[in-house]
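*Asks:*
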Amino acid sequence: MSLVLTEEQELLRDTARDFVQENFPVKAFRELRDARDPDGFDRKRWAELCELGWAGIPFDEAYGGAGLGYAELGVVLEELGRTLAATPLLATVALGGGAVALAGNETQKKEILSEVCAGKRLLALAFQETLHFSPGVVETTAVADAGAFRLTGTKRFVLDGHIAHTLIVSAKSEKGVGLFLVDAGAEGLTIERTNNVDSRNAATVTLAGAPAQALGDPARGGQVLEVVLDQGAIALSAEMLGGIQESFDRTLIYLKERDQFGAKIGSFQALKHRAADWFCEVELARSIVLQALRAVDTGGDDVAKLASAAKARSSDVYLHSGEEGVQLFGGIGMTDEEDIGLYLKRARVAELTLGDGGYHRDRYATLEGY
Amino acid sequence: MSLVLTEEQELLRDTARDFVQENFPVKAFRELRDARDPDGFDRKRWAELCELGWAGIPFDEAYGGAGLGYAELGVVLEELGRTLAATPLLATVALGGGAVALAGNETQKKEILSEVCAGKRLLALAFQETLHFSPGVVETTAVADAGAFRLTGTKRFVLDGHIAHTLIVSAKSEKGVGLFLVDAGAEGLTIERTNNVDSRNAATVTLAGAPAQALGDPARGGQVLEVVLDQGAIALSAEMLGGIQESFDRTLIYLKERDQFGAKIGSFQALKHRAADWFCEVELARSIVLQALRAVDTGGDDVAKLASAAKARSSDVYLHSGEEGVQLFGGIGMTDEEDIGLYLKRARVAELTLGDGGYHRDRYATLEGY
Amino acid sequence: MADLETFRADTRAWLEANCPEEMRKPMKAAGDVQWGGRNREFSSDEQRIWLERMSEKGWTVPTWPEDCGGAALSNAEAKVLKQEMRALNCRTPLMSFGIMMLGPVVLEYGTEAQKREFLPPIARGEIRWCQGYSEPGAGSDLASLQCRAARDGDEYVVNGQKFWTSEAHLSDWIFCLVRSNPKASKHDGISFLLIDMDDPGVEATPIELISGASMFCQTFFDDVRVPVSNRIGDEDAGWTIAKKLLQHEREMLSDPAGGGSPTGARKRGTLADDARKSLGAAEGPLPDADLRDRIARVELDQLCYNATLRRSADGAKAGRGVGPETSMFKLYLSELNKRKSDLRVRVRGVNGLGWSGDSFARDDLAATREWLNSKAESIAGGTSEIQRNIIAKRVLGLPD
Amino acid sequence: MADLETFRADTRAWLEANCPEEMRKPMKAAGDVQWGGRNREFSSDEQRIWLERMSEKGWTVPTWPEDCGGAALSNAEAKVLKQEMRALNCRTPLMSFGIMMLGPVVLEYGTEAQKREFLPPIARGEIRWCQGYSEPGAGSDLASLQCRAARDGDEYVVNGQKFWTSEAHLSDWIFCLVRSNPKASKHDGISFLLIDMDDPGVEATPIELISGASMFCQTFFDDVRVPVSNRIGDEDAGWTIAKKLLQHEREMLSDPAGGGSPTGARKRGTLADDARKSLGAAEGPLPDADLRDRIARVELDQLCYNATLRRSADGAKAGRGVGPETSMFKLYLSELNKRKSDLRVRVRGVNGLGWSGDSFARDDLAATREWLNSKAESIAGGTSEIQRNIIAKRVLGLPD
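Chains A, B, C and D supply the protein sequences, listed in that same order. Going by the numbering used here, the first residue of the first sequence is number 1, and it counts up by one from there. Going by the numbering used here, the first residue of the second sequence is number 1001, and it counts up by one from there. Going by the numbering used here, the first residue of the third sequence is number 2001, and it counts up by one from there. Going by the numbering used here, the first residue of the fourth sequence is number 3001, and it counts up by one from there.
1) Jot down the residue ranges of each uninterrupted beta strand (DSSP E) in the stretch 2162–2191 of chain C, minimum 3 residues, whole runs only, in chain order.
2) Please confirm whether G2259 of chain C has its beta-carbon closer than 8 Å to some beta-carbon of chain A.
3) So, is T1140 of chain B buried or exposed, given that buried needs 16 or more other C-beta atoms within 10 angstroms?
4) On the three-state DSSP scale, how would you describe S2090 of chain C?
5) Does V1182 of chain B have its Cβ less than 8 Å from a Cβ in chain D?
6) Between Q1108 of chain B and L1215 of chain B, which are expected to be in contact by the criterion C-beta below 8 Å, what is the C-beta distance as a whole number of angstroms?
7) What residue range is occupied by the uninterrupted alpha helix (DSSP H) comprising Q2034 of chain C?
8) Would you say F268 of chain A reaches chain B, if we count a Cβ-Cβ gap shorter than 8 Å as a contact?
9) What is the C-beta distance between M1334 of chain B and L3209 of chain D, in whole angstroms, given that I count them as a contact (C-beta under 8 Å)?
10) Any idea which residues DSSP pairs Q213 of chain A with across the strands?
11) For chain D, is any of its Cβ atoms less than 8 Å away from the one on Q980 of chain B?
12) Any beta-carbon of chain C closer than 8 Å to the one on L1291 of chain B?
13) Please name the residue, chosen from A:H320, A:F279 and A:I57, that lies closest to R3388 of chain D on a Cα-to-Cα basis.
14) With the cut-off set at 8 Å, would you say I1332 of chain B and A1309 of chain B are in Cβ contact?
15) Would you check if the distance between the CB atom of E3077 of chain D and the CB atom of L3015 of chain D is smaller than 8 Å?
16) If you draw a straight line from the C-alpha of D2198 of chain C to the C-alpha of F2175 of chain C, how long is it?
17) Taking contact to mean at least 3 C-beta pairs separated by less than 8 Å, is the stretch 2314–2321 of chain C in contact with the stretch 2339–2355 of chain C?
18) What separation, rounded to the nearest whole angstrom, lies between the Cα atoms of F2220 of chain C and Q2247 of chain C?
19) Nearest to A2168 of chain C by CA position, among C:G2153, C:R2394, C:A2204 and C:A2313, is which residue?
20) Going by DSSP, what residues sit across from S3356 of chain D in a beta bridge?
21) Could you give the distance in angstroms between the alpha-carbon of R3124 of chain D and the alpha-carbon of T3060 of chain D?
22) Can you name, in chain order, every residue of its own chain whose Cβ lies under 6 Å from the Cβ of H1165 of chain B, other than the five neighbours on each side?
23) Looking at C-alpha atoms only, which residue of C:I2386, C:K2338, C:G2098 and C:A2392 is the closest neighbour of T2368 of chain C?
24) Going by the CB atoms, is the gap between P1218 of chain B and S1173 of chain B shorter than 8 Å?
25) What does DSSP give as the partner residue(s) for T3205 of chain D in the beta ladder?
26) Is DSSP giving V3345 of chain D helix, strand or coil here?
27) Does the stretch 1058–1076 of chain B touch the stretch 1294–1305 of chain B, meaning 3 or more C-beta pairs lie closer than 8 Å?
28) By DSSP, does V2061 of chain C sit in helix, in strand, or in coil?
29) DSSP on K3267 of chain D, reduced to helix/strand/coil?
30) Less than 8 Å between CB atoms is the rule here; does A3289 of chain D satisfy it with respect to chain C?
31) Just how far apart, CA to CA, sit S2140 of chain C and A28 of chain A?
32) Residues in the stretch 3377–3391 of chain D with C-beta within 8 Å of chain B's C-beta atoms, listed in sequence order?
33) Could you check where the alpha helix (DSSP H) with V303 of chain A kicks off and where it finishes?
34) Measuring only the C-alpha atoms, how far is K3267 of chain D from W3371 of chain D?
35) So, is the C-beta of H1273 of chain B closer than 8 Å to a C-beta in chain A?
36) Within 8 Å (strictly less), CB to CB, does D3199 of chain D reach chain C?
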């Protein structure tokens, strides 16, 4: 698969860019934030986004999806990342939808994915229990109860947890680690939204004997989870790539506009060299993210390694981009009024979401056997 | 203890600088190297150095020493480091002499240290068995034999091993890890000099039942060794500081002299900023080395931490200095004729000697309990 | 020396007798720091009494002359006072830009009349000052400032705006760099003016920072009339004063014990403790090797930095100047503090991502905000880039 | 396409029939690479035969015109030839600066007479060329070169010296940038001359490098007389050619499959394997966390770099140019290769510190030497600093 966009993908990118710039500009994100919107996203605009079919990009046409792949999902996520758009796309499509597509039985897929594609159902993947990303730790229990299960435990940092209609929860039953469907209104379920520094949605989810259905085979959840988290990390990296590119582009413009000492600050060689090194990092991040997205679609056995490579890279480069951006904007960059700081905040949260650079370098080494 | 030199120490530094520049210029080091000198150091000049009393700086006046401390030894080592002087000072005084002073009984101290101070005996500490610095590993055995011991095992990277009159060897006896004196001419002892990239002296030492005397209490060698290696690391850091300062100073001069594009290359802002950051690193290295040297003299309980701090710093900064130096000298820096490359080579070997940055950061964390 | 020991004993006795018990306990809230000013409020009676007693004694500004509100102490005596206050854990009775920044300038460049007019109210905490240097278009290149002071008889008419005027909305007066001569070269047309913020035409609007804090303002001047007698130093000679102030500010910012670095000053659990807690790890090496190495690096850097500070202090004692190496301290410390603040967030895992709300502990939220605030360290008081320029030129002597 | 498949079949048949068995085995020693030249030696009969057969066929320079020693293959055909040679593991019969660097220049800028004079001997490996660009005073600022070519009728009289003339002591001819007009501005007075190194007044002295190798020379010219007919391109118009050559060199150096990067090309045990061996570690995570992280970083960087190369190639296929991004590849790869070479030493522990002698394994010694050689990667072919300048200006459009 080529690492440049096909004509169809370019068309999708152009459409996406227009739509996102129009409907999800940074200004819209600021409005949501400043209004302390209880949803944390814009339902009307999300509906419009779903009308474009984006929520169904990677899903089978049988479920109302577009039958496309991560290459296309990545195109859209990158554009959304450019404007810091707060949408449930990552949580509902890549994480939740991904889990259903991989683990669900036919009935579950039909029911849930159709509603996801139609923009009628939001999902959240509740898997993390520790403060540091460590997906192997599953203490939440699932006890069989009359053909169904009851779940008890606490999940942290559940992306879009408080707006999801359905939670997909990892838990340990007698058969091992499984994934379970929990209805947002279920008894014994408490969902507390957390206000994070990037003003996106996450929640702490507490389950006290909450009723649940197994998603597919309750013995296969551990394996599925690993694949879903890899795909999720790749999708998130695509979104981060948008933020990386945008913060770089904006800083570059500023370097060309800002006068100090009678010259554009972009004419100072020390800043030029930093910009040149930064440019290399942006380009390398783009390459590995594109390769990882395509690997999901071709289903090669290198997806795990590429997921770690892409997430490690985008984590480090995004944080660097936020930091360099604020520093080079100088005092202006420290003000809330200037957008560049928003990218720094998003970079921080995105870095820790689904594993930071340190985690993924460690994992890469493990996958490589050293 | 003040972190600046006292008047006496300044006087010592001035004397040392004059003596070293006169007797151990880089040119002299090159001559030794190019002549493939079998000793690897200049016996005549070493004798002159000993006449100045340098080999006895940290030892008690009772043994003919100067009764000074590591602060003074550091002053001298820094000057020697500036010109890459190849002398047995580190191996004989800091490592070997340090071990004797700490572990030896009165008779041993009197006999050995008097000869060290007089420049009549060279020592080497043979402790390392692994390729990576890991002083806890001692597989060499010491078997009691008629009031003495017989040693069997292999020691690597023994500094000045092939010129030492007496080897101080770590080995495991029934009583634990001890230090043992082995005569250079002992039966069962093979010493093979290795030609290292910095053209200094090191050797592989093989012991096949070589006769040995215990240095002090054969049960306390492990503890003594740790202290000696810390003192050695601090002394080596002082020598490295000289190399760091010299490579920085030489590069700074070059930046002010070299014309390209109609200007001194030192006027290019990107290089200025790198020089400024490098300067900070040099200053920080100097501070921690001075503090560590003084800590040995005051005998505080922070010597181990400061040893790791100083060695980690000087390892990283020296390598950086060699690399920046070669890069900023450009093509000229790649030629053997230009001295700057010699500092890069010494930086590499000094880095791995007695533990590199990674080792000492790990150890510092361990000492701090995390 | 005997005199100094007498002074020490007297000082201790006075402090023991006069410093209220309450004022010897660690501060608990931001309001426990007294900044003075027309609208000053005291968090307690003890705080008020303590300030009154200290200022009456001239010890809020101990080295200033007596007719300026000080006690005319020698530097040695002032040091003893500081030591004794520390020994008894006495709180600083008054903090202010007036004491730290403006006072030294007025003492050096002001007329006798100016000293007697402006300094005593500072010493008594009656007037709170803020600084007006930067402008939106004049950051690193401060000398390009445009805020205009046109001479009109015995007055200047000031028009323009200042950026980063710290706590301007809480201050009474502002000391400003203004352009008094637009025709002169950029360094030669600047004057140093003192302006009452109650004057018509002055308006301060807080700036919201990325951390959510708003301790800085944008301050606007619209035909503000300022008497010529409020100018410190000669007309058009303000740049000399500005340079002095900047150097002074750099020194403050590079001293972790000073007010400049909240990151360095605040005491909390160590990074390793926080990491161990959030990792749920038992004793022994932290299980996250990356985090462990980051902590060790930052701690070793801090150790080396502290050693360098100590070496510099020892050097000063031994009679060797400090000079432009200050830029080195400012540069290194601000970059180090940024890394430390980053790490303070990182060791908390997702608990370090909070912005507000009860789901996060206060410490966690403070760490996040502080991380964002720390980004200003390498910008305010001369960016790291400016410090590198200064080091290259003034310390290393590299050519232009 | 059908034609191309016929060509492929024919090519394979010819290669199978004509490439000696010995020439299909991996090279063992440096001498197995044939560089040609008047004094060329063959390490085996097979090597000689293979070169003769290939050059007779025009396949040492397959795309060159037939009267220049080539086979006038299309690019598509040349690619097929390459693929088929690789499929059969055929060795490259001839490597040379004549083929890689000079040939393209003569083909683009040379006269018909020059092409027929200089190119066929290159194609047959009879003349070995070296390059003469840099001078001791002209490194990064190549255009400041001083080597003088004074016109004297139909000849130039050349005086001066060149630095970094690769393998000049083994070469027959040198292609040089010389200053033909000292009065013109620095870029406008340079010409491109071909000089026979057997001419009186030419002397090449090997330069010893920090790695101990001496593949470069300092070459001196003392009143060397060069016919004007040996000038490629117009008088004083040599800088155009130089820029082309430099761009070409950067591309070569940024392609890990090319001849530019021995570090990237040579195949050995992986870093992790070497580390495991030298640490004496069993399976599982390497016990040295620092080393393990360094290896992962370098491997991930390489992965990302390779992806970028692939993306660029895919972009070229899709009809998007490469352009000055070449500087990005050159910059990133040389810095990466330096780190990789450093690590290759580091994983060996003290075995990585050897310079010579039997106490070290050959691989260990090679790693040390290569580490030192790798320092040239960010200097030769335009330093990393120059590449950053180019990226800032040409790619990012930052102002002067």
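Glycine is no exception: its CB is placed at the ideal position from the N, C-alpha and C atoms.
*Replies:* Put simply:
1) 2173–2179
2) Interpretation of G2259 of chain C is limited by its pLDDT of 37, a score under 50 that renders its predicted location unreliable; the figure taken from the coordinates is listed afterwards. Judged by the 8 Å Cβ criterion, G2259 of chain C is not in contact with chain A.
3) buried
4) For the record, residue 2090 of chain C in the displayed sequence is Cys; it is not Ser. C2090 of chain C: coil per DSSP, three-state reduction.
5) no
6) 6 Å
7) Here Q2034 of chain C belongs to no alpha helix (DSSP H), and DSSP marks it neither H nor E.
8) yes
9) 5 Å
10) A:L181
11) Summary: the structure shown does not reach residue 980 of chain B, with chain B confined to residues 1001 through 1370, and so no result is reported for it.
12) In the sequence as presented, Leu is not what sits at residue 1291 of chain B; that position holds Gln. Yes, Q1291 of chain B counts as interfacial toward chain C.
13) A:F279
14) no
15) no
16) 13 Å
17) no
18) 26 Å
19) C:A2204
20) B:N1195
21) 8 Å
22) R1121, L1122 and A1184
23) C:K2338
24) yes
25) D:Q3218
26) helix
27) yes
28) coil
29) The pLDDT assigned to K3267 of chain D is 47, lower than 50, so where the model puts this residue is not dependable; a value taken from the coordinates is nonetheless given after this. Coil.
30) yes
31) 32 Å
32) S3378, I3379, A3380, T3383, S3384, E3385 and R3388
33) V303 to F329
34) Because K3267 of chain D carries a pLDDT of 47, less than 50, the predicted location of this residue cannot be relied on, and no value is offered for it.
35) yes
36) no
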